[in-house]
Ligand code: FES
Ligand code: FES
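Numbering (UniProt numbering), first residue to last: 1 to 168.
Given below as structure tokens:
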């Protein structure tokens, strides 16, 4: 089947098998390997990307279901102005070790902060509860997301355009 998908603001047209999963379309067809693939059983959450501005586990979505829709992946977080605040937070607070869960964590974090700019630790933990980190014990991930929230609040107060929530 031929599908047409907007990924990170760029249009792609491709011939895909009806059974192809979105995660494999992103990684293997488009070469966007920032979206990771861990379990294929909807458990680990490393494959989280946005489908029309909503985080989804891309191993649970067929590529054909994205036909005519917008997808945002971790590659779309960075803008011409630089890294997204969430990416900077993970860097500043050591929110990653092996990095395998990190793209999915950051996509969920970006969505959370777009909808709740000042989340509590419990709200952050709930937001990422469908995603597994095998390395960090989650402390630094939560701290990274709080760092991003606090820095975006400061940027808003100083009138700086953070570009948050704007699909690339
Ligand atoms: S690869 Fe999608 S949830 Fe694990
Ligand atoms: S940083 Fe290794 S799985 Fe999360």
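We put the CB at the ideal spot given by N, CA and C, even for glycine.
Cβ distance (whole Å) where residue i is taken to contact residue j below 8 Å
i, j, result
"residue 89", "residue 147", "4 Å"
"residue 149", "residue 114", "Between residue 114 and residue 149 the Cβ distance is about 11 Å, and since that is not below 8 Å, they are no contact."
"residue 39", "residue 98", "Not quite, the Cβ-Cβ distance comes to about 16 Å (not below 8 Å), so this is no contact."
Reference residue i; option with closest CA among the options
i, options, result
"residue 143", "126, 121, 128, 132", "121"
"residue 2", "99, 124, 66, 47", "66"
"residue 132", "28, 42, 16, 13", "42"
"residue 94", "13, 138, 32, 112", "138"
"residue 109", "134, 77, 26", "77"
Beta-carbon spacing of residue i, residue j below 9 Å
i, j, result
"residue 54", "residue 35", "no"
"residue 101", "residue 44", "yes"
"residue 86", "residue 145", "yes"
"residue 21", "residue 61", "yes"
"residue 16", "residue 69", "no"
"residue 18", "residue 64", "yes"
"residue 140", "residue 96", "yes"
Nonlocal neighbours in the same chain, by C-beta distance under 8 Å from residue i, ignoring five residues either side
i, result
"residue 72", "7, 8, 49, 50, 53, 107, 167, 168"
Contacting residues, own chain, Cβ-Cβ under 7 Å from residue i (five flanking each side not counted)
i, result
"residue 157", "none"
"residue 57", "42, 45, 47, 48"
"residue 116", "123"
6 Å Cβ shell around residue i - same chain, five flanking residues per side excluded
i, result
"residue 154", "none"
"residue 13", "4"
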